[in-house]
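Report on one structure; see the data block that follows.
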Amino acid sequence: MRRRRAGVHAARRPGLAAGAGRGRATARELGYDGSLVTALHRAREYGPATGVFAALLLAWEAAVRLGGIPAFVLPAPSAIAAKAAADVELLWRHTLVTAQEVVIGYAVAVAAGLLIAVLIVQFRTVERVVYPYIIASQTVPKIAIAPLLIIWMGAGLLPKILIVAVTAFFPVTVNAVTGLRAAEENYLNLLRSVAASEPQVFRHLRVPYALPFIFAGLKLATTLSVLGAIVAEFMGASEGLGYLILSSTFNFEVARVFVSLIVLVALGVTFFGLVSFLERRLSWKQEAAARVVNTALA
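Residue numbers for the sequence shown, in my numbering: 887 to 1184.
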């Protein structure tokens, strides 16, 4: 009798019976939208971190208000938010200046770094002559170079671009050299055995293999570029987020310092995200290297 009732219930619910036969039913079979499932997954992934952040803000607000901490020592999060709303135009103007320095200096560092990396990989003489100086340049603090460049070139845009470029140059160059040498020797010999020229080897094998290394250097250089711009503005500037942080500190406008730091973090994260997006768009290049090798083998 019990078996017969179980069969009747299974017949009344065919979806459940079929799902039980295959295991757990999929989200689509249960009627959930794919975007909803993605949102729920992200909520589970980032929910704990968001909760901790909110708890810290609440504790910060309570400590300032209940402890009677002066605003010029530690402003409450609500005061920082109010300052951000009041300083939108000021923040935008100084952010554009810093962003200009970062973007131009970063572009110079990437162009110079990739070019020198190619020359180092192609010519052993260039490696012996140039590479030691590249390594030695990293032992000199950039904060020591910045005053010299400002003395020589003034407090304009050019010295700040150079400081950003010098700061971001090293990770781009070193990672590019490592990546361009990452292609397996067997594949290199294979392409050369079918009369592939060196530019063809670079385009179809070395560059695709080097992309993960290159983008690792590019992403590291994004954060270093922002730091380089701030160091340059600390040394001598009349505008920019670094100047705004320094002048606000001298005037005990601590809320504005916090707002400037938040904008600075947002600028760096945005820049990093753009490079990461470009990396995902070019991921097919790595598959292209495998196709070239397979074609040569055929």
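Each residue gets a CB set at the ideal place from its N, CA and C atoms; glycine is no exception.
Using the rule of at least 16 other Cβ atoms within 10 Å of the residue's Cβ for burial, across every protein chain shown, is residue i buried or exposed?
i	result
A941	exposed
S964	exposed
I1057	At residue 1057 the sequence reads Pro, which differs from the Ile that was named. It is buried - the Cβ of P1057 has at least 16 other Cβ atoms within 10 Å.
G1103	buried
F1157	buried
L1164	exposed
T912	Caution applies to T912, whose pLDDT of 49 falls short of 50 and renders its modelled position unreliable; the value that the coordinates give is listed next. The residue is exposed, with fewer than 16 neighbouring Cβ atoms inside 10 Å.
V996	buried
S1111	buried
R1010	exposed
G1128	buried
A1051	buried
F1136	exposed
G1126	buried
T936	exposed
A859	Residue numbering for the chain in the displayed model covers 887 to 1184; residue 859 lies beyond these limits and cannot be assessed.
L1150	buried
A1123	buried
I1116	buried
I1049	buried
Closer than 7 Å by C-beta to residue i: which residues in its own chain qualify, once you throw out the five before and the five after it? Chain order, please.
i	result
I990	I1047
L1113	T1053
Q1024	F1056
A1096	A1062, G1065, L1066 and A1068
K969	A1141, R1142 and V1145
I966	A1141, F1144 and V1145
R1092	L1066 and A1069
Using C-beta distances below 6 Å, list every residue in its chain close to residue i, excluding the 5 sequence neighbours before and after it, in chain order.
i	result
F1138	F958
Y992	A1054 and S1111
L916	Because the pLDDT at L916 is just 45, under 50, the model does not fix this residue reliably, and the value given afterwards should be weighed accordingly. Taken in chain order, the list of residues that qualify is empty.
L1130	H980 and S1146
T1108	F1157, F1158 and V1161
L1106	P1057
P934	none
To which residues of the same chain is residue i closer than 8 Å at the C-beta, ignoring the five residues directly before and after it?
i	result
D973	R1142 and V1145
I951	Looking at the sequence itself, residue 951 is Arg, so the reference to Ile does not match. Excluding sequence neighbours, R951 sits near A962.
At a threshold of 8 Å, does residue i count as lining the ligand SAH (C-beta to nearest heavy atom)?
i	result
A935	The ligand SAH is not among the ligands present in this structure, which contains no ligands whatsoever.
Just checking, does the segment 970 to 984 make contact with the segment 1029 to 1038 on the three C-beta pairs under 8 Å criterion? no
Is the segment 997 to 1005 close to the segment 1060 to 1069, with three or more CB pairs under 8 Å? yes
Please go through the segment 1017 to 1041 and give each complete alpha helix (DSSP H) segment of 4 or more residues, from N-terminal end onward. 1028 to 1039
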